[in-house]
Every structure is written in structure tokens, then in C-alpha cells.
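Engineer:
Number of protein chains: 2
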Amino acid sequence: MRFILFALISILTLPMSAQYTPTEEDAFMVRDLYTTALEDQYGYNWLRDLTENIGPRLSGSEGAAQAVYFVKQHMETLGADTVILQEVPEVPRWERGTKETVRFVDAPIWGNIELPALSLGNSIGTPEGGLKAQVVEVHDLDHLDSLGPLRLKGKIVFFNRPFDNSKISPSSAYGGAVDQRVYGPTQAAEYGAVAAVVRSMTGRLDDVPHTGVTVYREDTIPAIAISTRAADRLAQALANGPTTLHIEMDCQNLDPVTSYNVIADWEGTDPDAPYILLGAHLDSWDVGTGAHDDGAGCAHITDVVHLFQSLGYRHHHPLRLVFYMNEENGLQGAQIYAKESEKQGLTHSLAIESDSGGFLPIGFRCDGIPEVLTPGFQQLHAFSDVFSPYRIDFQTGGSGADISRLKSQGPLLVGFRTSPQRYFDLHHTDIDVFSQVHPREFELGSAAIAALVYLWDQSAGKK
Amino acid sequence: MRFILFALISILTLPMSAQYTPTEEDAFMVRDLYTTALEDQYGYNWLRDLTENIGPRLSGSEGAAQAVYFVKQHMETLGADTVILQEVPEVPRWERGTKETVRFVDAPIWGNIELPALSLGNSIGTPEGGLKAQVVEVHDLDHLDSLGPLRLKGKIVFFNRPFDNSKISPSSAYGGAVDQRVYGPTQAAEYGAVAAVVRSMTGRLDDVPHTGVTVYREDTIPAIAISTRAADRLAQALANGPTTLHIEMDCQNLDPVTSYNVIADWEGTDPDAPYILLGAHLDSWDVGTGAHDDGAGCAHITDVVHLFQSLGYRHHHPLRLVFYMNEENGLQGAQIYAKESEKQGLTHSLAIESDSGGFLPIGFRCDGIPEVLTPGFQQLHAFSDVFSPYRIDFQTGGSGADISRLKSQGPLLVGFRTSPQRYFDLHHTDIDVFSQVHPREFELGSAAIAALVYLWDQSAGKK
Numbered sequence: 001m002r003f004i005l006f007a008l009i010s011i012l013t014l015p016m017s018a019q020y021t022p023t024e025e026d027a028f029m030v031r032d033l034y035t036t037a038l039e040d041q042y043g044y045n046w047l048r049d050l051t052e053n054i055g056p057r058l059s060g061s062e063g064a065a066q067a068v069y070f071v072k073q074h075m076e077t078l079g080a081d082t083v084i085l086q087e088v089p090e091v092p093r094w095e096r097g098t099k100e101t102v103r104f105v106d107a108p109i110w111g112n113i114e115l116p117a118l119s120l121g122n123s124i125g126t127p128e129g130g131l132k133a134q135v136v137e138v139h140d141l142d143h144l145d146s147l148g149p150l151r152l153k154g155k156i157v158f159f160n161r162p163f164d165n166s167k168i169s170p171s172s173a174y175g176g177a178v179d180q181r182v183y184g185p186t187q188a189a190e191y192g193a194v195a196a197v198v199r200s201m202t203g204r205l206d207d208v209p210h211t212g213v214t215v216y217r218e219d220t221i222p223a224i225a226i227s228t229r230a231a232d233r234l235a236q237a238l239a240n241g242p243t244t245l246h247i248e249m250d251c252q253n254l255d256p257v258t259s260y261n262v263i264a265d266w267e268g269t270d271p272d273a274p275y276i277l278l279g280a281h282l283d284s285w286d287v288g289t290g291a292h293d294d295g296a297g298c299a300h301i302t303d304v305v306h307l308f309q310s311l312g313y314r315h316h317h318p319l320r321l322v323f324y325m326n327e328e329n330g331l332q333g334a335q336i337y338a339k340e341s342e343k344q345g346l347t348h349s350l351a352i353e354s355d356s357g358g359f360l361p362i363g364f365r366c367d368g369i370p371e372v373l374t375p376g377f378q379q380l381h382a383f384s385d386v387f388s389p390y391r392i393d394f395q396t397g398g399s400g401a402d403i404s405r406l407k408s409q410g411p412l413l414v415g416f417r418t419s420p421q422r423y424f425d426l427h428h429t430d431i432d433v434f435s436q437v438h439p440r441e442f443e444l445g446s447a448a449i450a451a452l453v454y455l456w457d458q459s460a461g462k463k
Numbered sequence: 464m465r466f467i468l469f470a471l472i473s474i475l476t477l478p479m480s481a482q483y484t485p486t487e488e489d490a491f492m493v494r495d496l497y498t499t500a501l502e503d504q505y506g507y508n509w510l511r512d513l514t515e516n517i518g519p520r521l522s523g524s525e526g527a528a529q530a531v532y533f534v535k536q537h538m539e540t541l542g543a544d545t546v547i548l549q550e551v552p553e554v555p556r557w558e559r560g561t562k563e564t565v566r567f568v569d570a571p572i573w574g575n576i577e578l579p580a581l582s583l584g585n586s587i588g589t590p591e592g593g594l595k596a597q598v599v600e601v602h603d604l605d606h607l608d609s610l611g612p613l614r615l616k617g618k619i620v621f622f623n624r625p626f627d628n629s630k631i632s633p634s635s636a637y638g639g640a641v642d643q644r645v646y647g648p649t650q651a652a653e654y655g656a657v658a659a660v661v662r663s664m665t666g667r668l669d670d671v672p673h674t675g676v677t678v679y680r681e682d683t684i685p686a687i688a689i690s691t692r693a694a695d696r697l698a699q700a701l702a703n704g705p706t707t708l709h710i711e712m713d714c715q716n717l718d719p720v721t722s723y724n725v726i727a728d729w730e731g732t733d734p735d736a737p738y739i740l741l742g743a744h745l746d747s748w749d750v751g752t753g754a755h756d757d758g759a760g761c762a763h764i765t766d767v768v769h770l771f772q773s774l775g776y777r778h779h780h781p782l783r784l785v786f787y788m789n790e791e792n793g794l795q796g797a798q799i800y801a802k803e804s805e806k807q808g809l810t811h812s813l814a815i816e817s818d819s820g821g822f823l824p825i826g827f828r829c830d831g832i833p834e835v836l837t838p839g840f841q842q843l844h845a846f847s848d849v850f851s852p853y854r855i856d857f858q859t860g861g862s863g864a865d866i867s868r869l870k871s872q873g874p875l876l877v878g879f880r881t882s883p884q885r886y887f888d889l890h891h892t893d894i895d896v897f898s899q900v901h902p903r904e905f906e907l908g909s910a911a912i913a914a915l916v917y918l919w920d921q922s923a924g925k926k
């Protein structure tokens, strides 16, 4: 209700002439985009190619380099007017190595069993042969501070605050737990801990560990995630008495390497129109194949071009696809793109990012500088009737990590949103693979994004 | 938009006093229902029990009989004031048997390979040793009629019209294809065909055959579904020349048996209030474990009782849970319930059915006699603000197969709706099992139904 009221107020207080009201013809075009997406499954098959032929694409890896050339080639095949590899000079290069074990040391009940684990991205390894220490369980960073060096020096710190599953959106639960993974290890290091073990970032109870980035300030210690079931087992052992773990990891940070954003442009019919940018990140974690995160986003934006071509739609604005490098562990690609865009004086009227996986679409969230956001959201809201059969709505507040770097340059920033219920089942895991992507749910996403681009293109072309 | 306009018109043209507007306290209660459902996962665990301890529950089977007693016992444990087994005297009893094979006979390329197949419910078997005949492919019943006895006598008819995947809702695609399975075989029999092979009712291309009911008018022939991939293979063989299949099935129809609806009542605080009925069907097909269809529905309505008890909610209306028998192949339970209700002069103000699986909830659809539907929908629409954070909306048009039999008796009929995108991936198959139910998506369904019952109970208690 707040949403509808806000929209009505906007409509009443802003000049009506700024808005384009979609026509019946627009509604038919949107329907055609949806039916074509569902029939062709072009993007879905493209995603199969990316994930099954290239595989994982961690920044700085061979897979990421292959993915850059794969996308470049595909964009040329799709008839882009220009395809540019934009240099991203210093992407971090982290390698998982071959050892990442966490095991009990002579624990009652558990003996010396190994716990399902994945080293955290950016982590250093342990000394060769591993390290062994008693475990201290903490639930949040304040708790860690309250223990201080006296209780933590020489210990393994176990961050075990679970997701709050009572939240309607698991994204909120993630937001409420992820500080343990990002800042917990470095903070534990400052108190003299020798390693950090982190409960996986999911509300699901299973044996699937989730990696993700950890950030070091000054001190570094090995940091590793264990599955939620393993975390429960470890907590149970600790409840019964002092518990020792042995941890061995041989991950390492190598010298940064040069990588690339892939930028593919299709000219529009209006030579003076600003860009419509569609973005997704090409890099992924090194486990699974980054099918939802963010192979799906890359496939969505590719699908938009296919859909326009299939339906013979000639867009007024130039259309720019940006496949960003290094979203997962640095955002270097986004920073470079924004810097270069500013230097070149490019103008983008709309930037849409798809980075919420290939799940059932629920809508778009938008952001921008105030003078852009207010009329921009008003315009999106005027599209609501066309989108209502597809259960797509519009909200304000946030967009996407990569495009958000463009905010000060004035585009309306729009983040594509999917149902978040299943996302953290597989986020940054071995099971984020193609078979987990539902073809229809994925294609409904391509269609929603294409429909929004189409309507925006119409609105700016005609109003 | 049409939806919103219609609602506004209703509000303007009907007496406003008929509506209850939810309070802030109501919104908090709804939030608590959601958070409790997501935290407790009571219904989800109950569903595990039903599906993994009882298993499939085809009408007339041992599994169905066990399920009746399982539910009766659970309702008693949940503290129902009364639990009744309502006799359903003549449910059909069909047994799949142990043979259901479809194989090519000396086909080029395919040789004698077997095609993944499931006999259709209600089908007769083949003669012992099977039958062998040439195949004629048809795409719809009109096409069948156009061929006539000359082309069909002695042949196996292959119904191969695929789902129209361009439909936004696979339920519409199902509606557009299922006549082949329900009426195709009997119609082919009338033209002298010796058997019918039906493309499985799904838009997915895979090796999973889908069973379901076929209905005989006069003539009967063996009828069997093959997977969609198998159907494509068979169509390809037919495109290359005459193709013969061998089919063997030993399914059979036995004498009808007595079974039961399970009815569990919880008294309300208002002794004069009419019933609020929550319904789902306890029977399932005999493959898989009927986890989505309709174990999820049975677990949803059980969960509602648990949620009210957990939050200490004392409802004004008596609450009645009906676990219907024989929805899949006869609807005998629904007919008996409606007949007995009429005979006993029961009044139901609201009947809600959950039979769209444990997928992500999207809303409710309502129906009723006109003098009930108009104010009823108006009242539901007045709940929209409370439901908007949960992305639940209200529409008119249809409810559910079991409760719809009560329409003339005057309740508002409400069908719970989930996202239909994944439903026909597993409908009536071996893979409709517990592991396919997502705990959070399922529990969001329980919460939505509980919230609707709560608000309706409040509205009728206070207005």
C-alpha cells in the first residue's frame, strides 16, 4: 500500500508530460517477448554453453580468460556493431589449491572425522602439514571483541551465527550473517587467533559448504567455511567440552593479472540517444560453474539481444551489453568501467543489472541520483499495467553492485529481482550448476528484462 | 490494472459496512504466522512423515487406507475436538501391476529399445504377452475423427500434441493438451484402435513419464503414457516410415472398495458461527509419493492448526479440516462430503483448498454463487495491504476440484495458488517426492493460508 500511495503522490506532484503511457501495441510486443523467450530458450541454451563448456570463471583464472573470449566471439556472432575488451589491469588472483580439510582431533563421538569445507576466497593457506588448535565459538563480532586476546590468542575462532530463517527474504538473513565471513577472520587475527572457521552462509541445513570472499585488514589467518550441518556438529562437540580441530589449506594469493570487461554495442536508430546498458558479471566463484551467479545474468542480457532480433525490433537507443569482470572479489571491472565512462563523457539513460540468478522473476528495484530517481521510478511505475500479467513490480532502493558505480553519472539504475527463496541454497557452492536453473523461470527473466528495455526505449523515443 | 479498477468499482458500489479493514494488530499477527511457519517448519516435517512413512496413496490401495489412519491419529494428537472418518463407499480400485512396457519392433536406428512409460489410471491391460501393431500419430481429437476406422482399425494411436510452452502458465498448456490423455484412448477405441500411447503431460523434454486418469465411455483399449523424449523419438521414427510398437501392460480395474474422508473439527469461540473449511486431497497417484500432489496441501492445512496453536489464537469460527479421498480418479470424496453437508444442513462461510503443490505462493482465486462472490471478493481484496509484503494477491475465477462441489451451499470458495512454473515437471510422476518440496516455499504457503483464515475469522467476528 505504501508503494501504491507513493506512486500516486509522485504522479500528482510531477508534470504528467514526463511520462510515457504504454499503448496496446506495447502490451502485444511485451507478450511476444515473453512467448518468444519461452519458446526459443535461446538464453537458457547459451547458459548451458557458458557453464558446461567454460565452467567456473574466477577472476584471474584460465576459466575467466576463456570466458572473455567465449563472450566476445558470441557477441560478434550475434552481430554486435562493436565488441571491445576493456582492460581491467589488476584483478586479484587467488587459487584454492588442492588441500582444504577441517577435521576433529580425537573428539568424543566424532573421533577424527573431516567436516565438509571450502577455503574462503582471499584466504592464506596454513603452514604445510596444517595447524591444530582449540576452538572458541563466537556468535558475532561484538562477542569476539568481548573475548579479546586473552581468550583468542592461539585459538581457532568458529563463527557460528546461523541465518535468521524467520526473515521472509533469505537475502535479509544473508545480510544479517555475512559480516562473520567478510570481517570475522581478520578481526580474529587481530586478537591472535591462528585460524577462522565460518558457518556457511545459508539457512539450509545440509553438507554443502559455501565459499565467498573474506577481507583482510592487517593481520591474516587461514579462513575456511564449513557446511551448516558440520557447524552444528562442531557446536555440539564444543557444548560437550574443549574441542580441537586440525585445519590444512594450501590456497594462496598470486600476483594480480590483467583481465577484461567485455563490452558489446548495437547502434540505435537515434544517433543522439544515450546508452541503455545491460550488465551482468562474467566472473564467478571457482566451485560449481556459476550458473545462477552470474551465468544467468550474462545469459539474460544476451537473450535480450536475441529477442529483439527475433521480433525485428529496431531500438532507438544504442544498446550496450557489459560483461563485468571481478564482481565477486574486488569489483575492479565495475570501477574501471565507471572511470572510463566518465573520462569519455558517455551518457547512459538506463542501466539494468541482472545478478539475482535465474529464478522466478518478481520485479525490478531502482536507484539513482534524486533528480533521476523520482521521474525514473514514476516512468517505471507507468509500465506496471503492462507487467501485471507477469507478476513484475517496481520498487525503489538499490540496484546492483556493478552498475551502482555509475550512479553519479546520472543513469536510472535498475536491478532485476527474482524470488530469493532458493538462492542461498546454492550460492557460491559446488551445486551452483546448470541443472539447477529452471528453463522457464530463467526465460521469464530474459523476457522481463527485454520488456523493460523495450518500454524504456519506446518511452524515451516517443514522449 | 483491470483487477484494481474492478476492485475500486466494487468498493464504490457496495455498502462499505460489509467490509472489515484489517488493523495494525492484524498485520503483526500475519507477520507472526509467517515467521513461525518459517522457523518451525512443522508442516514440512509432517509432509516428510506422510510421504516417506506412508508413501503413495492411490484410492483403494493399502497406502490410502494407511494414510486415512495416519491422518486420523495426527488430528487426534493435534487436539481436534472430533475426528470423523466419513465413509466414501465406492472408490475405484485400479492396480498398475508389474508390466508396463512400450518398445519399438525392429525399428531402423532404434531397434527394439524400450520407451519410458507409465500405464494410465483406469486403463485395462493388454492380452498376456502384449500386443503388437503399427502406429498412427495424431495431434488432436479432430484429427483422430478425420482418420476414422479405415485408418485406425487395428492400429496403435499415438497422441502427440505437445504442451504449448509459449503460454505464461503451464497450467494453461496442460489444459490445452490433456484431452488427449482423458478422452483420446476411448475415442480411438471407438474407431477400432488396439491401444493408445499418449505423450506425457509436461512441457519439459525428459525421460520421465507422467500418469493420470483416462476415461472410458464404451470401448476400452490399453492406454499408456510415454516420456516426452520418447514421444519425440517415436515421432522421428514415424517420420522415417511405418513403425511398429510392442506394448505389454497388466494393470487392471478391481471391484470398488470403501474408503474415507477424514474430517477433523476444532470448535470456535462463537457457537453460532458457520464453519471455515480447509480442504486438500489425501489420495495421490501410485507413483512417487504425491508430495506436491497433494501431500503438500494436506500438510498446509495441518500446519494452519499448528500455527494457531503456537500463537495461542482462539478462532471464532469452528475450523474444519477435510482430507478428501479420491480426487485423482473420481472425486467421490468431494461428492459424498457435499451431499452429507447438504443433508445435515451444515453452513460453511469459507472453504479453502490447497491443491497446487508446495511451490512459491502467489495468491488465492475465489468463486461462489454471485451473492456470495461479490462481497466475498470485496472482503478478500480489503486484505490486500496486509498480504502485499508477501506478494499474495486475489483473483476471481475458480477454486479447487474438491471444494467446488459445495458451491451451491453458499460458502466463499477459495483456491490457494502457487507459481505454476515447476508443477508439471513432476505432476503424476515418480519424481513427485518429498525432496522436490522446498521447505521455505512450502511454509510460505502454510503461512498464507493461515493468514487468510485468521483475517476472515477476524472480519466475521468483528464487523
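As they're listed, the protein sequences go chains A and B.
Using the working numbering, read the first sequence as starting at 1 and increasing by one per residue.
Using the working numbering, read the second sequence as starting at 464 and increasing by one per residue.
All C-beta atoms in this analysis are idealised placements derived from N, C-alpha and C, irrespective of residue type, glycine included.
#1: Got a sec: which bits of the region 615–633 of chain B sit with their beta carbon under 8 Å from any beta carbon on chain A, in order along the chain?
#2: Can you tell me the Cα-Cα spacing of Arg854/B and Ala864/B, whole angstroms?
#3: If contact means a Cβ-Cβ distance below 7 Å, which residues of the region 483–503 of chain B contact chain A?
#4: Along chain B, which residues have their Cβ under 9 Å away from the Cβ of Ser419/A?
#5: Since Gln549/B and Ile799/B are thought to touch, with beta carbons under 8 Å apart, how far apart are those beta carbons, to the nearest angstrom?
#6: Closer than 9 Å by beta-carbon distance: list the chain B residues that pair up with His438/A, in chain order.
#7: What is the residue span of the alpha helix (DSSP H) that Gly647/B lies within?
#8: Quick check: what's the CA-CA separation for Tyr646/B versus Tyr275/A?
#9: Counting only the same chain and skipping the five closest in sequence on each side, list residues whose C-beta sits under 7 Å from that of Phe434/A.
#10: Out of Tyr191/A, Val136/A, Ser119/A, Arg365/A, which one is the CA nearest neighbour of Gly397/A?
#11: Please determine whether the Cβ atom of Leu918/B lies at a distance below 8 Å from any heavy atom of the ligand NAP.
#12: Check this for me: beta carbons of Val768/B and Leu784/B, under 9 Å apart or not?
#13: At what residue ranges does the region 181–245 of chain A contain a whole run of the alpha helix (DSSP H), taking only runs of 4 or more?
#14: Tell me whether Ala797/B sits in a helix, a strand or coil according to DSSP, three-state version.
#15: Looking at chain A, is there any beta carbon in it that lies within less than 9 Å of the beta carbon of Gly861/B?
#16: Could you give the DSSP three-state label for Arg365/A: helix, strand or coil?
#17: Going by C-alpha distance, which of Thr269/A, Thr82/A, Gly130/A, Pro222/A is nearest Val157/A?
#18: For my contact list, Ile226/A and Ser119/A are in at a C-beta cut-off of 8 Å; report their separation, rounded to the angstrom.
#19: Looking at the strands, I want to know which residues DSSP matches up with Ser722/B.
#20: What are the start and end residues of the alpha helix (DSSP H) that includes Ser172/A?
#21: So the beta strand (DSSP E) Lys424/B belongs to, where does it begin and stop?
#22: Along the chain, where does the beta strand (DSSP E) that runs through Val900/B open and close?
#23: What is the rounded straight-line gap between the Cα of Met464/B and the Cα of Met29/A?
#24: Output yes or no for whether 9 Å exceeds the beta carbon distance between Tyr507/B and Pro824/B.
#25: By DSSP, does Gly445/A sit in helix, in strand, or in coil?
#26: Work out the CA separation of Arg662/B and Ser632/B for me, nearest whole Å.
#27: Can you tell which of Ser609/B, Ile764/B, Asn623/B has its C-alpha closest to the C-alpha of Arg692/B?
#28: Under the assumption that Ser819/B contacts Pro874/B (Cβ atoms under 8 Å), give the Cβ distance between them as a whole number of angstroms.
#29: Please name the residue, chosen from Ser259/A, Ala189/A, Phe383/A, Lys72/A, that lies closest to Thr220/A on a Cα-to-Cα basis.
#30: Just mark Gln378/A as buried or exposed, buried being the case when its beta carbon has 16 or more other beta carbons within 10 Å.
#31: On the DSSP letters alone, give me the boundaries of the beta strand (DSSP E) that Tyr275/A sits inside.
#32: I want to see whether chain A comes within less than 9 Å of Gly638/B, judged by CB atoms only; does it?
#33: From Arg885/B, Leu876/B, Ala911/B, pick the residue whose C-alpha is nearest to that of Phe846/B; which is it?
#34: Output yes if chain B places a C-beta closer than 9 Å to the C-beta of Gly203/A; else output no.
#35: Hey, is Thr13/A's beta-carbon within less than 9 Å of any beta-carbon in chain B?
Structural biologist: By the coordinates alone:
#1: Shown in chain order are the members of the region 615–633 of chain B whose Cβ falls below 8 Å from a Cβ of chain A: Asn628, Ser629, Lys630, Ile631, Pro633.
#2: 24 Å
#3: Tyr497, Thr498, Leu501, Glu502
#4: Leu823, Arg854, Ser882, Glu904
#5: 6 Å
#6: Ordered by position in chain B, the residues that pass the 9 Å Cβ test against His438/A are Gln884, Arg885, Asp888.
#7: Counted as a single uninterrupted DSSP element, the alpha helix (DSSP H) harbouring Gly647/B occupies residues 647–653.
#8: Approximately 55 Å, taken between the alpha carbons.
#9: These residues qualify, in order along the chain: Leu47, Arg48, Thr51, Glu52, Thr289, Ala291.
#10: Arg365/A
#11: This structure simply doesn't include the ligand NAP, nor any ligand for that matter.
#12: A Cβ-Cβ contact shorter than 9 Å links Val768/B with Leu784/B.
#13: 184–190, 228–240
#14: helix
#15: no
#16: strand
#17: Pro222/A
#18: Going by Cβ atoms, the distance from Ile226/A to Ser119/A rounds to 11 Å, so no, they are not a contact pair.
#19: Val551/B
#20: For Ser172/A, the uninterrupted alpha helix (DSSP H) segment begins and ends at 170–175.
#21: Chain B is shown from 464 up to 926; residue 424/B falls before or after that span and cannot be answered.
#22: Segment: none, Val900/B is in no beta strand (DSSP E) and carries neither H nor E.
#23: Confidence at Met464/B is low in this model, with a pLDDT of 28, below 50, so the placement of that residue is unreliable and no value is reported for it.
#24: No, these two residues do not count as a Cβ contact at 9 Å.
#25: helix
#26: Their backbone Cα atoms lie some 19 Å apart in a straight line.
#27: Asn623/B
#28: The Cβ separation is near 19 Å, so there is no contact.
#29: Ala189/A
#30: buried
#31: 275–281
#32: no
#33: Ala911/B
#34: yes
#35: Low confidence applies to Thr13/A: its pLDDT is 41, below 50, so where it sits in the model is not reliable, and the reading given next is rough at best. No, because no Cβ of chain B sits closer than 9 Å to the Cβ of Thr13/A.
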